[in-house]
Amino acid sequence: MELRLNKFISDSGYCSRREADRFIAMRNVTINGKVAKIGSKVERTDVVKVNGNLIEQPESHVYLALNKPIGVTCTTDKMDGTNVIDYINYPIRIFHIGRLDKDSEGLLLLTNDGDIVNKILRSKNNHEKEYEVTLDKPIGDDFVEKMENGIPILGVMTKKCKVVKETADRFTITITQGLNRQIRRMCEHLGYEVVKLKRVRIMNITIKSLAVGQWRDLTDSELEMLLGSVANSKSESSTTSNSLPKGLRNPAKKIWHPNKPTGRATDNEPRANARPGSKTNSRTNSKLTSKYGASTANPPGKPTGRPTGKPTTTGGRPSGKPTGKPDSRPVTKSGKPSASKPTNQRVGKSKPR
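Take the sequence shown: its position 121, counting from 1, is numbered 1202 in our numbering, and each next residue is one higher.
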């Protein structure tokens, strides 16, 4: 069965579909040794490599729930000694679904199913995540209402959410977004500081009976309900050129080809609509150059279109600063004034005595 290339890469857990499209547009993906294109389809028996790394499909998918302790970082970077992958030390390659701040604790899902990640995380799919939050001071009367109606952070207004006051300084909040440090920023906007933040639920999965630092496989009933909830969710919009970064929407435009016309006239290729004598008509320019010299394409005596206020030589270059007085000496055939002094005689009239 054929699969779209970006889905094939995403299913392996290497990256998301959008990131796969970026690698494809950058010509960093090959299929059986040939450079892949956006929209390519592959069989599971094809050899696909991304950045030189072989993409292998997992034999089966795993879904884990971890009660992440404070101090563990949601990253797959092995250079970070606090990364969550080394913390769990699972025998096969997995990755986390979403993030939880290093200084926060609670439920974190992990899997090797790349297709489910964005289905859970995308805000438009409206999948709930519930948190318990403790503040540094008692909650004000209008705190709950303001939080529920949305708070401006990171240049956007947060979506409406559900907030329940539990004690004087503790509340629970259920959101469908996942902005960077969203709950902490919302509270800071209202003048509060979060002392403790704990995620207790993602959709139908909770951390009940799971101690801090422990993880477990999802039960059959949990997995069935989870997969059923995301069955109609969109992981990403369909791949079009607009879904790529601006610089990669049409990578072919960035590549110059010597045999491909660029739409601009060159020295050997005059523009089709060029006027005779114009600078873009190279054939006319070459004739003028051979007749009058390489310094100009306009013959002497012809207006250039813009007076400069300076007298010009036959080569078209200014002869110097204007004197302010016209030179009335007669002009020879060569175009230079004669050495004789000018006379005051007028043509056809004699000089009065």
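Ideal Cβ placement from N, Cα and C applies to all residues, glycine included.
Everything numeric in this text was worked out from a predicted model, so none of it was measured.
Item	Value
Checking 8 Å against the spacing of the C-beta atoms, do residue 1094 and residue 1224 come in under that value?	no
What's the gap between the Cα of residue 1308 and the Cα of residue 1195?	13 Å
If you draw a straight line from the C-alpha of residue 1156 to the C-alpha of residue 1298, how long is it?	20 Å
Measure the alpha-carbon distance for residue 1083 versus residue 1220 and round it to whole angstroms.	56 Å
For the beta strand (DSSP E) that residue 1113 lies in, which residues bound it at each end?	Where residue 1113 is concerned, there is no enclosing beta strand (DSSP E), given that its DSSP letter is neither H nor E.
By the 10 Å Cβ neighbour count, where 16 or more other Cβ atoms means buried, how is residue 1152 classified, buried or exposed?	exposed
Can you look up residue 1164 in the DSSP assignment and give me helix, strand or coil?	strand
Does the stretch 1099–1118 touch the stretch 1248–1268, meaning 3 or more C-beta pairs lie closer than 8 Å?	no
For residue 1086 and residue 1206, I'd like the C-alpha separation in whole angstroms.	24 Å
Using a Cβ-Cβ distance cut-off of 8 Å, determine whether residue 1232 contacts chain C.	The chain labelled as chain C is not found in the depicted structure, where only one protein chain is given.
Tell me whether the beta-carbon of residue 1181 lies closer than 8 Å to the beta-carbon of residue 1189.	yes
Any chance the stretch 1231–1241 sits against the stretch 1256–1263, with 3 or more Cβ pairs inside 8 Å?	yes
Leaving aside the five residues before and after residue 1243 along the sequence, list all residues of the same chain whose C-beta is less than 6 Å from its C-beta, in chain order.	1255
Short of 6 Å in beta carbon distance, which residues of its chain neighbour residue 1344, apart from the five on each side in sequence? Order them along the chain.	At residue 1344, the pLDDT of 44 sits below 50, so the modelled position is not reliable; the number obtained from the coordinates is stated separately. Nothing meets the Cβ criterion.
Mind checking residue 1248: buried by the 16 CB within 10 Å criterion, or exposed?	exposed
Taking the alpha-carbon positions, what's the residue 1105 to residue 1119 distance?	6 Å
Assign residue 1364 to one of three DSSP states: helix, strand, or coil.	With a pLDDT of only 48 at residue 1364, under the threshold of 50, the placement of this residue in the model should not be trusted; the figure read from the coordinates follows. Here residue 1364 sits in helix by DSSP.
Express the C-alpha separation of residue 1284 and residue 1103 in angstroms, rounding to a whole number.	30 Å
Tell whether a beta-carbon distance below 8 Å holds between residue 1279 and residue 1212.	yes
Based on the DSSP secondary-structure assignment, which residues constitute the bridge partners of residue 1298?	1145
If you draw a straight line from the C-alpha of residue 1174 to the C-alpha of residue 1136, how long is it?	12 Å
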